[in-house]
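Engineer: Can you read through this structure? Questions will come right after.
4 protein chains.
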Amino acid sequence: MFFASDNGSGAAPEVISALTRANEGYARSYGADPIMARVKTLVRQLFEAPEAEVYLVATGTAANSLSIALLSPPWSAIFAHVDAHAAMDECGAPEFFSGGAKMIPVAGAHGKMTPDTLKAALARIGEAGVHGVQRGMLTVTNVTEAGTVYTPAEIAALTAVAKSRNLPSHLDGARFANALVATGATPAEMTWKAGIDVLSLGGTKNGCLGVEAVVLFDPTKAWEFELRRKRAGHLFSKHRYLSAQMEAYLTEGLWLRLATQANAMGALLVQGLAQVPGASLLHPAPANMLFPLWPIGTNDRALSRGAIYYPMQGPEGVDHGRLVASWSTTGEDVDALLTALKP
Amino acid sequence: MFFASDNGSGAAPEVISALTRANEGYARSYGADPIMARVKTLVRQLFEAPEAEVYLVATGTAANSLSIALLSPPWSAIFAHVDAHAAMDECGAPEFFSGGAKMIPVAGAHGKMTPDTLKAALARIGEAGVHGVQRGMLTVTNVTEAGTVYTPAEIAALTAVAKSRNLPSHLDGARFANALVATGATPAEMTWKAGIDVLSLGGTKNGCLGVEAVVLFDPTKAWEFELRRKRAGHLFSKHRYLSAQMEAYLTEGLWLRLATQANAMGALLVQGLAQVPGASLLHPAPANMLFPLWPIGTNDRALSRGAIYYPMQGPEGVDHGRLVASWSTTGEDVDALLTALKP
Amino acid sequence: MFFASDNGSGAAPEVISALTRANEGYARSYGADPIMARVKTLVRQLFEAPEAEVYLVATGTAANSLSIALLSPPWSAIFAHVDAHAAMDECGAPEFFSGGAKMIPVAGAHGKMTPDTLKAALARIGEAGVHGVQRGMLTVTNVTEAGTVYTPAEIAALTAVAKSRNLPSHLDGARFANALVATGATPAEMTWKAGIDVLSLGGTKNGCLGVEAVVLFDPTKAWEFELRRKRAGHLFSKHRYLSAQMEAYLTEGLWLRLATQANAMGALLVQGLAQVPGASLLHPAPANMLFPLWPIGTNDRALSRGAIYYPMQGPEGVDHGRLVASWSTTGEDVDALLTALKP
Amino acid sequence: MFFASDNGSGAAPEVISALTRANEGYARSYGADPIMARVKTLVRQLFEAPEAEVYLVATGTAANSLSIALLSPPWSAIFAHVDAHAAMDECGAPEFFSGGAKMIPVAGAHGKMTPDTLKAALARIGEAGVHGVQRGMLTVTNVTEAGTVYTPAEIAALTAVAKSRNLPSHLDGARFANALVATGATPAEMTWKAGIDVLSLGGTKNGCLGVEAVVLFDPTKAWEFELRRKRAGHLFSKHRYLSAQMEAYLTEGLWLRLATQANAMGALLVQGLAQVPGASLLHPAPANMLFPLWPIGTNDRALSRGAIYYPMQGPEGVDHGRLVASWSTTGEDVDALLTALKP
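Chains as they are written, first to last, in the working numbering: chain A, 4 to 346; chain B, 4 to 346; chain C, 4 to 346; chain D, 4 to 346.
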């Protein structure tokens with residue numbers, strides 16, 4: 004009954020086993036290991052992007068902040084949804100890595116910017132000449148913080164607005180595989196074909212121990228990225244252990260299989276909640292994260308019965324929570340939770 | 004015959020096995036895992052420091068830079084040996100994390116500062132009132148970049164100079180266990196009893212996959228450290244995998260056993276090199292790292308025979324190299340290298 | 004007919020004359036000039052703050068950013084009105100000086116925060132533990148960017164909210180004298196008696212060439228301020244020329260006389276606009292800055308007739324502008340403008 | 004008898020008078036004043052550089068740090084003489100403005116780098132791949148901190164070394180006019196013809212109140228410079244007062260006349276010291292700054308007789324001091340000082 008976060012789950016057996024295999028013998032350090040060469044090939048194939056450069060780090064905050072800093076001069080504005088992880092949950096990491104760029108909150112229902120809300124934010128910034136920060140970049144999160152999902156077309160509509168101002172676009176894909184599964188899009192469709200320049204490709208939440216790839220579809224700034232990664236302490240000496248995780252993750256569709264299971268359990272939760280009297284969803288939940296509203300008392304009851312999830316502050320008069328399914332969530336887990344929720 | 008670096012070695016079986024065990028079930032994220040609680044207890048016991056705060060990160064650069072930034076205002080001077088890793092091999096990470104503090108090179112033979120060279124550096128900085136940077140902190144590396152080792156008394160002599168100016172002291176212990184084994188000192192003797200305020204305790208090079216502890220002997224700034232770690236992207240969500248490595252590393256003396264093996268192989272190399280005609284050592288080599296000088300042609304010969312190590316730029320007229328033994332180096336490896344070196 | 008900004012006006016004769024007098028002979032540099040000693044005494048007397056420390060810089064952005072950086076760790080949130088100069092018109096200077104702190108926009112009609120809008124912003128930030136930026140400080144602008152004025156009681160109500168969270172408060176007083184004149188408050192009532200910890204006291208816009216004082220009512224961080232000022236290139240070597248401006252400005256009530264004239268001309272504009280058919284004010288205008296709305300075509304007509312002011316983007320269907328009176332504005336200027344505006 | 008620094012002198016009458024003239028009426032702010040347009044034309048003519056961009060700030064630290072930051076990514080090394088003002092006397096301003104670039108001390112007698120010492124410093128930095136900071140730029144000071152002067156040929160020899168590594172070069176010309184006078188070089192010969200890309204052109208020490216020009220011989224990064232200047236609080240609203248100083252300074256050779264007087268008084272001091280028993284010079288003194296050594300007791304005697312200069316720490320067994328002449332130093336001042344020095 005663990006639904007607190009997908010980062011509370013363990014690593015998939017395939018990943019652990021790859022790690023153990025990678026432990027044999029000696030290996031060149033700092034990314035010169037042979038596994039990393041294979042990872043790069045894999046990513047290029049899966050994303051149909053033969054020019055892309057690929058780097059690994061261990062945390063999502065590192066992947067996002069290094070990507071954002073690469074695209075944002077210190078005097079620029081970073082446009083992100085008002086609730087984006089990078090804006091609210093990384094303790095100012097984008098500001099730190101970029102040397103003080105400014106995150107501009109973009110509005111939008113259900114955790115999603117729209118071309119109109121983005122245009123409104125763009126109109127407010129960058130018209131003050133030298134007196135204001137300059138428009139810098141767009142960062143989109145998919146799956147969003149609200150558990151909703153952008154389609155490739157929706158992403159393309161946002162990046163088109165950015166491109167009309169000559170701004171590059173980043174995708175925070177901490178739950179990228181879940182977004183692919185939820186939409187049926189290919190990796191290329193969800194990224195560069197939709198105008199994304201840099202991707203944070205998450206592995207940690209979806210069955211790895213701690214690994215995220217940064218994919219630069221335009222490799223022009225690759226060396227600068229390497230310097231930034233090193234300077235921030237995010238270049239691993241025993242890099243093979245990052246490589247091995249990512250290789251296993253991307254091999255034979257493991258990443259999609261794990262995300263399929265997580266999303267399926269999300270869907271089962273949605274179905275089940277429909278049977279819980281008085282329960283509803285604050286946002287649509289097409290992937291593995293749900294924000295239910297339910298009658299007052301539900302949180303106390305469920306948590307006291309051993310359910311593990313975050314009770315949230317929500318509208319008056321109801322209880323609110325966040326449920327996250329992961330690759331290791333089972334149908335039994337879902338059933339147990341639903342039982343715990345019911346009076 | 005891999006002597007390029009101890010970071011080319013794998014992880015010890017005990018560490019891999021701990022990682023696998025830690026993979027069971029769900030765990031609270033971000034350091035709230037139960038293994039981390041045990042790690043903290045272990046460190047406090049081993050260091051006889053019941054008040055110490057303990058944090059884990061994945062790289063040595065992160066451990067050093069976060070520690071240094073904690074002790075150095077942006078307008079301050081960081082005193083370090085001219086060849087220190089933090090000064091020369093971290094792409095300016097201390098400057099980045101501290102917001103632009105200034106590393107002041109301190110001279111000293113064989114990679115070691117002395118009280119006199121430190122005093123000379125201190126005298127040059129901090130006398131300019133508001134016009135110059137202010138004296139900030141001391142950072143000592145043990146084992147040094149030259150493969151030499153400070154005794155606790157030598158460290159205490161340096162920190163005493165620092166304390167006479169009210170400056171805190173940091174120990175970069177990327178090879179801390181090797182230094183302990185080489186000197187026979189206890190963890191407490193090498194650190195807080197010798198005036199060290201913050202320790203970077205390395206695990207990665209000595210049998211882990213990627214984990215370093217930061218030990219704050221004075222916990223006053225613990226919360227600030229946590230904020231800095233998060234903001235720099237160095238707080239792991241699936242933190243249990245860092246905890247598990249460190250727990251295994253510190254349990255039943257594994258760290259010292261591994262370092263003992265590495266140092267013993269270092270000693271075997273020293274012994275063996277005495278038999279190589281024309282070979283000598285640039286620095287004393289009491290731990291696991293040697294900087295040999297040998298006749299011109301030796302590097303070409305050995306490397307072409309499959310030896311793996313760094314040929315270095317050295318004095319004219321001789322070949323030069325760096326050899327590093329690790330926990331996994333065997334007597335056979337040493338023999339093979341010595342054979343490869345000989346004409 | 005120059006109403007573009009009060010920074011388009013020249014310096015008052017008393018200030019120019021003080022500058023010329025200060026030019027005699029040699030003087031100690033970097034703030035050790037005897038005039039600065041008198042300035043410090045003057046400020047302490049005028050503000051009834053015998054402990055206060057006083058520093059001079061040449062621009063408002065410098066005064067604000069150094070003050071804000073003094074009160075804001077890099078991982079903190081700075082609460083400011085959504086339209087505050089520091090938030091919108093300083094090209095990210097607070098972020099630069101603070102090392103990446105985050106400005107949090109606080110809502111409020113007519114350029115003014117209220118205790119409720121401040122509480123709402125505070126509630127949104129700082130609840131995420133280590134994952135979010137920490138609540139840092141409050142900065143209030145008086146006169147506001149909308150030309151409105153906070154009373155001391157209104158400021159006290161805001162700083163009380165800040166103090167309930169242990170947050171310090173800064174006042175951006177680029178037009179401080181205008182705010183004093185508009186409210187009849189004493190300098191002490193408007194600042195430390197209302198809970199302000201640090202003041203940016205503007206001279207430039209109100210009859211000086213370029214000088215602003217930073218007043219630290221609590222001198223604990225005075226030395227840190229001096230280091231920050233030097234490090235940012237804002238410590239003047241020939242400091243006497245800053246001192247002389249500020250001494251003249253604060254002597255015999257010059258600052259209040261100049262602001263009285265500017266505000267009187269503002270009031271005359273308000274009166275006169277009441278006679279312009281179809282004109283109204285977007286915000287109350289108790290000081291020297293007005294934001295009029297008037298029929299479409301008014302801007303074209305007035306500007307083509309030689310009026311100088313900023314046409315602004317405003318609501319659909321009307322023209323909009325910003326008018327700023329200064330110490331050197333005359334009744335004839337106002338009359339000429341009103342004539343130019345009329346059909 | 005004021006020889007403490009040229010920044011203790013006042014402003015030349017021509018400059019004060021220009022300031023007074025500039026005070027008439029209203030002027031566009033932030034550099035859009037008509038005087039600034041004339042300053043730009045003047046600089047372009049005097050430097051034979053029709054493409055150059057010209058910006059004004061009020062302090063030398065601002066001019067240097069903004070220039071350096073423009074040329075130095077945060078992960079780069081700035082090569083400067085070990086005693087350079089930017090390295091030792093600006094409280095880490097280059098590190099602050101650049102976001103943590105690293106100043107690398109370059110050796111050299113009498114305050115001057117040589118091609119060989121620069122090559123030695125370059126060889127030590129930038130060979131560590133991603134692990135070390137990258138070579139960034141060269142900054143040369145003329146007149147040097149030791150009071151010596153580089154000829155254009157000497158500067159060209161240094162910038163040639165820099166250019167062989169594709170590094171840009173900056174000239175800190177806080178005493179640029181004194182260097183021109185001492186060498187007879189033209190502005191162009193001392194700068195872009197000698198390989199200088201960006202110049203800090205000092206006015207403050209040589210008869211202005213507080214103004215320095217930054218000259219970008221290659222205007223490619225002009226807009227970035229403007230953003231950096233604003234963001235650092237160094238863009239003046241009442242900019243005309245900077246413009247007026249610089250216009251007067253560069254008009255009809257005032258800058259060279261003032262420097263000629265300062266250098267002549269320096270030469271008179273050199274001559275006079277030759278008559279002081281036991282006095283010698285630590286460095287050659289071709290401009291307006293001398294570092295004399297003289298018998299113990301001389302400092303006490305001269306200072307007690309009212310001489311004003313900096314006693315310095317020097318070699319054992321002698322007294323040491325720094326004497327700086329300025330545009331306002333007279334022959335009587337020099338005579339009085341020499342009398343005060345003699346037993």
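Don't be surprised by glycine CBs; every beta carbon is placed ideally from N, CA and C.
1. With burial defined as no fewer than 16 other Cβ atoms inside 10 Å of the residue's Cβ, what is the status of residue 92 of chain A: buried or exposed?
2. Let me check one thing: in DSSP terms, what residues is residue 109 of chain B bridge-paired to?
3. Could you work out which residues of chain B lie near residue 101 of chain A, taking near to mean beta carbons separated by less than 9 Å?
4. Could you pull out every unbroken beta strand (DSSP E) segment of at least 3 residues lying fully inside the region 291–323 of chain C, listed in chain order?
5. Check each residue of the region 178–212 of chain A: if its Cβ is closer than 8 Å to any Cβ of chain C, include it; give the result in chain order.
6. Output needed in chain order: residues of the region 105–119 of chain A with a Cβ under 9 Å from some Cβ in chain C.
7. Could you please give the first and the last residue of the uninterrupted alpha helix (DSSP H) stretch that includes residue 252 of chain B?
8. Apart from the five residues just before and just after residue 298 of chain C, which ones in its own chain have a Cβ nearer than 6 Å to its Cβ?
9. Could you check what DSSP says for residue 173 of chain C in three-state terms: helix, strand or coil?
10. Counting only Cβ-Cβ distances shorter than 9 Å, please list the residues of the region 229–251 of chain A near chain D, keeping chain order.
11. Hey, residue 185 of chain B and residue 152 of chain B are a contact pair by Cβ (cut 8 Å); roughly how many whole angstroms apart?
12. Going along the chain, which residues of its own chain have a beta-carbon closer than 8 Å to the beta-carbon of residue 273 of chain A, five neighbours each way excluded?
13. Report, in whole angstroms, the separation of the C-beta atoms of residue 218 of chain D and residue 55 of chain D, which I expect to be a contact under 8 Å.
14. Inspect the CB distances between the region 326–345 of chain B and the region 256–272 of chain B and report whether three or more fall short of 8 Å.
15. Is residue 134 of chain A close to chain D? Criterion is C-beta to C-beta, closer than 9 Å.
16. Does the distance from the C-beta atom of residue 17 of chain A to that of residue 251 of chain A stay below 9 Å?
17. Rounded to a whole number of angstroms, what is the C-alpha to C-alpha distance between residue 198 of chain D and residue 114 of chain B?
18. Checking the sheet assignment: what are the DSSP bridge partners for residue 137 of chain B?
19. What are the residues in the region 262–288 of chain D lying within 9 Å of chain A by C-beta distance?
20. In this structure, how does DSSP classify residue 202 of chain A when only helix, strand and coil are distinguished?
21. How should residue 318 of chain A be labelled, buried or exposed, when 16 other C-beta atoms within 10 angstroms of its C-beta is the threshold for buried?
22. DSSP three-state label for residue 168 of chain B, please.
23. Under 8 Å Cβ-Cβ, which residues of chain C neighbour residue 27 of chain D?
24. Tell me residue 56 of chain C's beta-bridge partners as DSSP assigns them.
25. Tell me whether the region 236–248 of chain A and the region 50–64 of chain B touch, counting them as touching only if at least three CB pairs, one residue from each stretch, are closer than 8 Å.
26. Please report how far the alpha carbon of residue 174 of chain C lies from the alpha carbon of residue 160 of chain C, in whole angstroms.
27. According to DSSP, is residue 228 of chain B helix, strand or coil?
28. Residue 62 of chain B by DSSP, collapsed to three states: which one?
29. Does the contact criterion of 3 or more C-beta pairs under 8 Å hold for the region 100–117 of chain B versus the region 73–83 of chain B?
30. With respect to the alpha helix (DSSP H) encompassing residue 289 of chain A, which residues constitute its N-terminal and C-terminal limits?
31. Just the C-alpha distance for residue 202 of chain A and residue 194 of chain A, rounded to the nearest angstrom, thanks.
32. Which residues share a DSSP beta bridge with residue 327 of chain D?
33. Comparing the C-beta of residue 93 of chain D with each C-beta of chain B, is any distance below 9 Å?
34. Is there a Cβ from chain C that is less than 9 Å from the Cβ of residue 78 of chain B?
35. Ordered along the chain, which non-local residues of its own chain (more than five positions away) have a Cβ less than 7 Å from that of residue 221 of chain C?
36. Run through chain A and tell me which residues come within less than 9 Å of residue 65 of chain B, C-beta to C-beta.
Structural biologist: According to the structure shown:
1. buried
2. B:84
3. Near residue 101 of chain A there are no residues of chain B at all, since even the closest Cβ is about 12 Å away, more than 9 Å.
4. 295–298
5. Within the region 178–212 of chain A, no residue has a Cβ that lies closer than 8 Å to any Cβ of chain C.
6. When CB distances to chain C are screened at a threshold of 9 Å, the residues of the region 105–119 of chain A falling below it are 105, 106 and 108, in chain order.
7. 243–253
8. Apart from the 5 residues on each side of it in sequence, residue 298 of chain C sits with its Cβ closer than 6 Å to the Cβ of 281 in its chain, given in chain order.
9. strand
10. Listed by position, the residues of the region 229–251 of chain A near chain D (Cβ gap below 9 Å) are 229, 230, 231, 232, 233, 234 and 238.
11. 5 Å
12. 284, 288 and 293
13. 5 Å
14. Result yes; three or more Cβ-Cβ pairs closer than 8 Å.
15. Closer than 9 Å to the CB of residue 134 of chain A there is at least one CB belonging to chain D.
16. With contacts defined as CB atoms closer than 9 Å, residue 17 of chain A and residue 251 of chain A qualify as a contacting pair.
17. 38 Å
18. According to DSSP, residue 137 of chain B bridges with B:79.
19. none
20. strand
21. exposed
22. The DSSP-derived three-state label of residue 168 of chain B is coil.
23. Going along chain C in sequence order, the residues near residue 27 of chain D (Cβ under 8 Å) are 13.
24. C:219
25. They touch, by the three-pair rule.
26. Using only the alpha carbons, I get a separation of about 14 Å.
27. helix
28. coil
29. The region 100–117 of chain B is in contact with the region 73–83 of chain B.
30. Looking at the DSSP string, residue 289 of chain A is not in any alpha helix (DSSP H), and its letter there is neither H nor E.
31. 7 Å
32. D:292
33. yes
34. yes
35. So the qualifying residues of the chain are 200.
36. Near residue 65 of chain B (Cβ distances below 9 Å), the residues of chain A are 235, 236 and 237.
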